[in-house]
Amino acid sequence: MLFGRHRRRLTRRLEREWGRTPKDRLLDGVGEADAFEELDGDATGDDRLEPQSWHDLGMESLIGQLDRTRTGLGRQLLYRHLRAGIRWSDAPILQATARRCSEEPGFHVEVGVPLEGAGRELGPGLWILTRPGVIRAPIWYWIFPILALLMVGSLAAFPFEPRALLLALPLAAVNMTMISFTARRMGPAVAPIRQIGPLLRTADALARLDDGSLPGAPGIRADLARLGRLQAVATLVSRDPLRSGELAAGLWGYLNLMLLLDPNALLVSARELRRHAPRLEAIATWVGQVDLGRAVASLREEPGPWSIPDPEGDPIRGRGVWHPLITDPVGNDVDLVPGRGIVVTGANMAGKSTYLRAVAIANHLARTLGTCPAESWSGGTRRVRSLMSRTDDLEGGRSYYQVEVDTVIGFIREARDCGPTLYLLDEPLRGTNTIERIAAGEAVLRVLLEGEDGEPSPHSVMVATHDDDLRALLAPLYEPRHFRETVTADRLLFDYRCRPGPATTRTAIALLERSGAPANVIASARARFEELSETTEGARRPPA
Numbered sequence: 013m014l015f016g017r018h019r020r021r022l023t024r025r026l027e028r029e030w031g032r033t034p035k036d037r038l039l040d041g042v043g044e045a046d047a048f049e050e051l052d053g054d055a056t057g058d059d060r061l062e063p064q065s066w067h068d069l070g071m072e073s074l075i076g077q078l079d080r081t082r083t084g085l086g087r088q089l090l091y092r093h094l095r096a097g098i099r100w101s102d103a104p105i106l107q108a109t110a111r112r113c114s115e116e117p118g119f120h121v122e123v124g125v126p127l128e129g130a131g132r133e134l135g136p137g138l139w140i141l142t143r144p145g146v147i148r149a150p151i152w153y154w155i156f157p158i159l160a161l162l163m164v165g166s167l168a169a170f171p172f173e174p175r176a177l178l179l180a181l182p183l184a185a186v187n188m189t190m191i192s193f194t195a196r197r198m199g200p201a202v203a204p205i206r207q208i209g210p211l212l213r214t215a216d217a218l219a220r221l222d223d224g225s226l227p228g229a230p231g232i233r234a235d236l237a238r239l240g241r242l243q244a245v246a247t248l249v250s251r252d253p254l255r256s257g258e259l260a261a262g263l264w265g266y267l268n269l270m271l272l273l274d275p276n277a278l279l280v281s282a283r284e285l286r287r288h289a290p291r292l293e294a295i296a297t298w299v300g301q302v303d304l305g306r307a308v309a310s311l312r313e314e315p316g317p318w319s320i321p322d323p324e325g326d327p328i329r330g331r332g333v334w335h336p337l338i339t340d341p342v343g344n345d346v347d348l349v350p351g352r353g354i355v356v357t358g359a360n361m362a363g364k365s366t367y368l369r370a371v372a373i374a375n376h377l378a379r380t381l382g383t384c385p386a387e388s389w390s391g392g393t394r395r396v397r398s399l400m401s402r403t404d405d406l407e408g409g410r411s412y413y414q415v416e417v418d419t420v421i422g423f424i425r426e427a428r429d430c431g432p433t434l435y436l437l438d439e440p441l442r443g444t445n446t447i448e449r450i451a452a453g454e455a456v457l458r459v460l461l462e463g464e465d466g467e468p469s470p471h472s473v474m475v476a477t478h479d480d481d482l483r484a485l486l487a488p489l490y491e492p493r494h495f496r497e498t499v500t501a502d503r504l505l506f507d508y509r510c511r512p513g514p515a516t517t518r519t520a521i522a523l524l525e526r527s528g529a530p531a532n533v534i535a536s537a538r539a540r541f542e543e544l545s546e547t548t549e550g551a552r553r554p555p556a
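If you want this note's numbering, it's the position in the sequence shown, counting the first as 1, plus 12.
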């Protein structure tokens with residue numbers, strides 16, 4: 013009865029939370045990053061989001077906003093998909109789960125109940141159990157069952173031969189030493205082993221929901237059937253007698269002393285984990301993917317304009333693209349044409365950098381989660397490489413300008429051989445003087461769009477800049493777009509709409525005047541601005 017009441021409450025909560033943005037869903041990033049290193053630390057690939065781009069796009073904060081999973085495993089798989097760049101098209105379990113949750117009424121609750129039962133505790137540290145040698149059992153560990161049998165034999169013989177107690181007493185001392193030794197060896201592994209039971213129960217409950225539409229479910233059921241002994245050992249190791257009272261704790265202590273339950277469990281679990289580590293990893297991955305697929309379906313049901321991308325067509329067209337981390341975001345359009353770029357100008361705070369990030373995030377989520385923060389997205393996706401935020405490399409002894417140059421050179425070298433890429437640059441080469449910045453910036457931005465042997469480049473580049481001269485030099489290879497601002501008597505207004513063409517407004521001098529700068533400073537600045545504008549325009553005109 014209590015179980016039925018709990019299930020009804022849980023069902024109502026899952027239905028209430030479906031398709032709604034959770035409150036205060038934050039990501040610490042530590043456990044998820046550790047899991048990623050366990051699973052993909054040695055992996056390489058073009059689709060992987062590099063640390064610079066991960067930081068530029070604010071992915072740690074973004075995952076906290078996107079997370080609709082119910083378990084720690086699901087959250088780890090969300091992190092992994094976004095960090096490793098795993099494509100939605102390569103994840104049939106995610107696709108099938110999301111589709112069934114969206115199309116079959118009530119299925120998301122049936123899936124959510126066992127996932128919620130496992131909770132956030134399922135996942136942290138679990139992956140180390142799937143690695144060989146985590147729990148070691150040297151050959152001399154076989155002394156544990158021998159000592160246990162000797163203890164049982166001596167106690168059984170005591171009523172018939174009192175001198176058997178002379179064997180039991182030293183055996184008890186030896187057993188206490190062994191228990192203390194193995195406790196130190198088992199300590200770090202106890203918490204992960206404790207998760208094996210909930211993991212297998214959750215996987216079994218989810219596999220029972222399969223009607224032939226969940227890929228991998230038959231294989232999971234077959235793996236579960238082979239892991240009965242491991243589950244029994246996990247239950248033995250992870251028990252907590254104190255929860256059952258002092259009497260149970262005392263009884264367990266005596267049994268542990270006589271039979272070496274903990275050391276023998278360590279011996280058996282080490283053997284079982286060596287035998288079944290691949291199966292355990294497959295089950296954990298499958299459960300995490302089912303959780304993530306359900307989370308994606310919930311995300312698609314939310315009020316914001318989330319769309320399912322259409323991979324057909326060329327070029328890439330995004331309509332109403334918005335940034336998920338912004339309250340009341342403004343949607344903007346983008347066309348990403350192979351071999352072409354977009355140069356965005358406008359004042360500070362007008363929305364240039366946010367626009368670049370919003371497009372990159374939409375592209376990456378469409379690629380990895382099959383879900384896009386936009387009214388529509390068509391034409392496929394590209395991998396992302398960015399250079400937007402810079403800091404000094406103190407450990408490497410490099411200034412932020414050297415870091416920027418090294419990153420740009422890396423872009424140039426890889427652009428010849430890598431797959432279709434979206435490059436993002438915010439105020440490129442800002443660490444040098446104006447003339448060099450413009451000259452080097454033009455050269456870099458042009459070479460990124462140069463194809464092999466005269467063929468069109470497969471890449472697209474988006475660059476935000478204040479340099480109108482750079483914008484002019486890049487025409488017509490780069491389409492000009494701009495953000496507009498309005499200076500009023502008491503404030504600066506932005507509508508955050510991206511418009512075609514170059515920026516025409518100027519705000520720096522107006523802001524100085526509005527902020528109370530002396531009249532002679534304003535007059536001098538305007539005079540110099542007119543002089544420099546005429547000089548620049550004259551330099552741009554072609555010779556007669």
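In this text, a Cβ means the ideal position worked out from N, Cα and C, and glycines have one as well.
Values in this document were obtained by computation on a predicted structure and should not be read as measured data.
If I measure Cβ to Cβ from residue i and keep anything under 7 Å in the same chain, skipping five residues before and after, which residues do I get?
i           : result
residue 183 : 159, 162, 163 and 166
residue 608 : The structure shown does not extend to residue 608, since the chain is modelled only from 13 to 556, so the question has no answer here.
residue 210 : 130 and 134
residue 374 : 330, 333, 384, 385, 386 and 389
My guess is that residue i and residue j are in contact by the Cβ rule of under 8 Å, so how many angstroms apart are they, rounded?
i           : j           : result
residue 109 : residue 226 : 7 Å
residue 333 : residue 343 : 6 Å
residue 492 : residue 350 : Contact flag wrong, Cβ pair sits at about 19 Å.
residue 435 : residue 483 : The Cβ separation is near 17 Å, so there is no contact.
residue 216 : residue 236 : 6 Å
residue 99  : residue 379 : 6 Å
residue 280 : residue 245 : 5 Å
residue 115 : residue 88  : Between residue 88 and residue 115 the Cβ distance is about 27 Å, and since that is not below 8 Å, they are no contact.
residue 431 : residue 58  : 5 Å
Between residue i and the rest of its own chain, which residues show a CB-CB distance below 8 Å, the 5 nearest in sequence each way excluded?
i           : result
residue 238 : 288 and 291
residue 424 : 456, 459 and 460
residue 141 : 147, 201, 204, 205, 208, 285, 289 and 292
residue 525 : 534
Tell me which residues share the same chain as residue i and place their Cβ nearer than 6 Å to its Cβ, disregarding the 5 neighbours each side in the sequence.
i           : result
residue 449 : 441
residue 406 : Residue confidence is low: residue 406 scores 47 on pLDDT, short of 50, so the model does not pin down where it sits. Its coordinate-derived value is still stated next. For residue 406, where only same-chain residues beyond five positions count, there are no Cβ hits under 6 Å.
residue 219 : 229, 232 and 233
residue 388 : 319 and 331
residue 437 : 399 and 475
residue 104 : 227
residue 170 : 176 and 177
What does residue i pair with, by DSSP beta-bridge criteria?
i           : result
residue 73  : Partner(s): none; residue 73 has no beta bridge.
residue 347 : 329
residue 132 : Looking at the DSSP assignment, residue 132 forms no beta bridge with any residue, so it has no partner.
Alpha carbon to alpha carbon, how far is residue j from residue i? Give it in angstroms, no decimals.
i           : j           : result
residue 69  : residue 101 : 23 Å
residue 347 : residue 242 : 54 Å
residue 178 : residue 156 : 20 Å
residue 300 : residue 315 : 25 Å
residue 321 : residue 369 : 18 Å
residue 18  : residue 125 : 10 Å
residue 540 : residue 517 : 17 Å
residue 561 : residue 453 : Given a span of 13 to 556 for the chain in the structure shown, any question on residue 561 remains unanswerable.
residue 471 : residue 364 : 20 Å
residue 311 : residue 458 : 39 Å
residue 359 : residue 86  : 41 Å
residue 191 : residue 154 : 14 Å
residue 307 : residue 96  : 18 Å
residue 51  : residue 297 : 10 Å
residue 63  : residue 181 : 60 Å
residue 46  : residue 75  : 15 Å
For chain D, check one thing: does any of its Cβ atoms lie closer than 9 Å to the Cβ of residue i?
i           : result
residue 463 : Absent from the structure: chain D. Only one protein chain is present.
Residue i lies in the alpha helix (DSSP H); which residues open and close that run?
i           : result
residue 375 : 364-380
residue 354 : Looking at the DSSP string, residue 354 is not in any alpha helix (DSSP H); the run it does join, the beta strand (DSSP E), is 352-357.
residue 435 : Not the alpha helix (DSSP H): residue 435 falls in the beta strand (DSSP E), residues 433-438.
residue 65  : 63-68
residue 161 : 155-169
residue 96  : 84-96
Start and end of the beta strand (DSSP E) containing residue i?
i           : result
residue 328 : 328-333
residue 493 : 490-499
residue 512 : 504-512
residue 337 : It is not in any beta strand (DSSP E) - residue 337 carries neither H nor E in the DSSP assignment.
residue 111 : Where residue 111 is concerned, there is no enclosing beta strand (DSSP E), although the alpha helix (DSSP H) it sits in stretches over 104-115.
residue 395 : 395-399
residue 456 : Looking at the DSSP string, residue 456 is not in any beta strand (DSSP E); the run it does join, the alpha helix (DSSP H), is 446-459.
residue 176 : First-last for residue 176: undefined, no H or E at that position.
residue 476 : 472-476
residue 389 : 388-390
Tell me whether residue i, by its Cβ, gets closer than 8 Å to a heavy atom of the ligand PLP.
i           : result
residue 204 : Among the ligands in the structure shown, none appear at all, so the ligand PLP cannot be discussed.
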